[in-house]
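Participant: Just dropping this structure here.
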Amino acid sequence: MNPWIQYSLVRLGIFGAAFAVLYLVLPAPLESIGVVGFAVVAIAAVIAAVVALTVSYIFFGRLRDAVAVDLAERRTKPVADPDAAAEDAAAEDAAADARTDDRPRA
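One rule links them: number in my numbering = place in the sequence shown (from 1) + 8.
See the structure below:
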C-alpha cells in the first residue's frame, strides 16, 4: 500500500479515536465552567488534532520516513508528458513554415 495512504489512515484513526474519547469525556467538565454546544466539539477537535499529531510524530517515524522517501522519489522522476513531442513538432513545423513564407520569391 502507498505510504501516503497508510500514514494518512493512521493519523485519521488516531484523530477519530481521540476525538471520540474527548467528545464523551469533555462535556461534563466544560459544562461546569459554562462551555456548551459547538464549543465542546471544537475544543475536542483541536485537542484530538494535537494528540494525533504528537502520537504520529513520536510513534510512527518509520512510516513518516517512508512518506518522505516517496516524496523525494517523486521529485527526482522526470515528468513524462505524452503530448510534449507532438506539441514540439507542431511548433517547429509552424516556425519552419513562417521562415519559408518570409523569403522573397523570384
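Glycine is no exception: its CB is placed at the ideal position from the N, C-alpha and C atoms.
In this text, all values refer to a predicted model and were calculated from it rather than measured experimentally.
Considering only residues of the same chain and omitting the five flanking positions on each side of I13, which have a CB-CB separation below 6 Å?
Facilitator: none
Participant: Counting along the chain, where does the alpha helix (DSSP H) carrying F67 start and finish?
Facilitator: F46 to F67
Participant: Measuring only the C-alpha atoms, how far is F68 from N10?
Facilitator: 15 Å
Participant: Within 10 Å of its beta-carbon, does S16 have 16 or more other beta-carbons around it, so buried, or fewer, so exposed?
Facilitator: exposed
Participant: Are the CB atoms of A56 and A26 within a distance shorter than 8 Å?
Facilitator: yes
Participant: When we look at the beta-carbon of S40 and count the other beta-carbons within 10 Å, is it buried (16 or more) or exposed?
Facilitator: exposed
Participant: Provide the residue span of the alpha helix (DSSP H) that contains G24, from first to last.
Facilitator: P11 to V33 is the span of the alpha helix (DSSP H), which, as asked, contains G24.
Participant: Between R70 and chain C, is the shortest Cβ-Cβ distance under 8 Å, so that the two count as touching?
Facilitator: The structure shown contains no chain C, having only a single protein chain.
Participant: State the Cα-Cα distance for the pair A60 and A99, rounded to the nearest angstrom.
Facilitator: 52 Å
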